[in-house]
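**Q** Numbering (the numbering used here), first residue to last: 150 to 598. By construction, the Cβ of each residue, glycine as well, lies at the ideal position given by its N, Cα and C atoms.
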């Protein structure tokens, strides 16, 4: 953040002072290795969580679109099955939408660690329910488990809040990039391994429930590790009434805060495009190319490759040079054009390069969206604003999932161009918005939100 940054030790220029649990103050600028080591468990949590998340898209899509699917709830036509799939894929992000603002506010007040541990415990139990639902072909139980898993998922909010606790604004591009790097690695490992574990043609006892059973075990191990080894980063809790389940919409009011609304509007359009793309292109591959789970998993993993490469070596450097606004503008434009162009190839070989380019553009766009908001607020507001942004993101995921299913029921060619247009509209919006100085929103503000 340019200008002055509020910190627990007063005001500094260009550096944030973090007070450790032992009372020692340490500057961030000279402790990058220690910061990364403290954040490493969070990246592991995100990696495990997104493996399961990627499997929902990879496994559920061909499973529910099959004409003989017992899980589709008796849906007989391709259009009806696409609607069921869109609704199912919308439930997980819907749960996140409802819980993320509360989790962000709670992590500001109570600390990142307890919120993280509780969310991990809830998510682990929900994956056990997903396994049971898939083994018994119970669509209702599967829908319930996906919704509850989303309600318990607060990993991104906690990670972004912890990064803000430990890093100055000029270094956040690197650490936010690591969040998406972890998620992208999961989008490679999860589909590649899970797609094969879900294919009974490879081994007779393999099936759609096996990948989720593996995720259940992995989450159980990581939950134990985090509970025993992760140190709190939020050492100066924000005073105020505790957040409860009824405060979700109140916490989301930060989206309309003066000076922030225009950035949230841009992020909303970009999130609709990006997360709609992640739900739409596997559906498109299943409907237009008639690919099965194993083949679709290869393409899902392939999209993750450029995201890993860009986040590992490009995102931090580019945002440091061009700034988050210019990076977001260029990435939104490229993402919109490329997402719409996915429906153009008619040969399988042509899908590989276009999907690779989409992944690269998306890898730049997502961290830039988060940085645009993070740069506007001080340390005491990071959890609340990132929680609001996460709620906006997963709300867009839920809407785009349902919208993609509805559009695919009309034509498999329809969802991707519509989503690409949303990203282009976001680019036009950001281009028209006059840049403003970074804001420092303090917890003692008179604004009741």
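1. Please work out which residues of its chain come closer than 6 angstroms, Cβ to Cβ, to residue 564, disregarding the five sequence neighbours upstream and downstream, and give them in chain order.
2. Between which residues of its own chain and residue 216 is the CB-CB distance below 6 angstroms, once the five residues before and five after are set aside?
3. Taking the Cβ atom as the reference point for each residue, do residue 535 and residue 339 lie within a distance shorter than 8 angstroms?
4. Identify whether residue 308 lies in helix, strand or coil by the three-state DSSP scheme.
5. Mind reading off the beta-carbon distance from residue 214 to residue 436? Whole number of angstroms is fine, and I expect it under 8 angstroms.
6. Return the first residue and the last residue of the alpha helix (DSSP H) that residue 443 is part of.
7. Measuring CB to CB, does residue 533 end up less than 8 angstroms from residue 403?
8. Assuming residue 316 and residue 190 are in contact, meaning their beta carbons sit under 8 angstroms apart, how far apart are those beta carbons, in whole angstroms?
9. From residue 417 to residue 245, what does the alpha carbon distance come to, in whole angstroms?
10. For residue 352 and residue 205, I'd like the C-alpha separation in whole angstroms.
11. CB-CB under 8 angstroms to residue 381, same chain, minus the five flanking residues each way: which ones, in chain order?
12. Does the region 454-462 touch the region 235-245, meaning 3 or more C-beta pairs lie closer than 8 angstroms?
13. Might you give, ordered along the chain, the residues of its own chain that have their beta carbon closer than 7 angstroms to the beta carbon of residue 239, omitting 5 neighbours on each side?
14. Quick check on residue 272: buried or exposed, where buried means 16 or more other Cβ atoms within 10 Å of its Cβ?
15. Starting from the Cα of residue 444, find the closest Cα among 192, 431, 454 and give me that residue.
16. Please classify residue 285 as buried or exposed, where buried requires at least 16 other C-beta atoms within 10 Å of its C-beta.
17. Assuming contact is defined by CB atoms lying nearer than 8 angstroms, are residue 278 and residue 290 in contact in what I supplied?
18. Leaving out the 5 sequence neighbours to the left and right, which residues in its chain are closer than 8 angstroms to residue 270 when beta-carbon positions are compared?
19. To the nearest angstrom, how far is the alpha carbon of residue 350 from that of residue 323?
20. Alpha carbons only, please: which of 229, 504, 311, 472 is nearest the one belonging to residue 186?
21. Please classify residue 364: does DSSP put it in a helix, a strand, or coil?
22. Considering only their Cβ atoms, is the gap separating residue 422 from residue 330 smaller than 8 angstroms?
23. Enumerate in chain order the residues of its own chain whose CB-to-CB distance from residue 313 is below 8 angstroms, with the five nearest sequence positions on each side excluded.
24. I'd like to check one pair, residue 521 with residue 484: are the Cβ atoms closer than 8 angstroms?
25. If you draw a straight line from the alpha carbon of residue 376 to that of residue 334, how long is it in whole angstroms?
26. Report buried or exposed for residue 470, applying the criterion of at least 16 other Cβ atoms within 10 angstroms of its Cβ.
27. Measure the C-alpha to C-alpha separation of residue 566 and residue 319 and round it to an integer number of angstroms.
28. Three-state secondary structure (DSSP) at residue 286?
29. Within 10 angstroms of the Cβ of residue 498, are there 16 or more other Cβ atoms? Answer buried if so, exposed if not.
30. Just checking my contact of residue 305 with residue 195 at CB under 8 angstroms: how many whole Å lie between their CB atoms?
31. Give the DSSP-derived three-state secondary structure of residue 501 in the structure shown.
32. Taking a contact to mean a Cβ-Cβ separation below 8 angstroms, would you say residue 208 touches residue 360 in this structure?
**A** Taking the geometry as given:
1. 429, 553, 556, 557
2. none
3. no
4. helix
5. 7 angstroms
6. 442-462
7. yes
8. Between residue 190 and residue 316 the Cβ distance is about 16 angstroms, and since that is not below 8 angstroms, they are no contact.
9. 15 angstroms
10. 21 angstroms
11. 170, 260, 261, 262
12. no
13. 547, 550, 551
14. buried
15. 431
16. exposed
17. yes
18. 301, 372
19. 42 angstroms
20. 311
21. helix
22. no
23. 321, 523, 528, 531, 532, 535
24. no
25. 23 angstroms
26. exposed
27. 35 angstroms
28. coil
29. exposed
30. 7 angstroms
31. helix
32. yes
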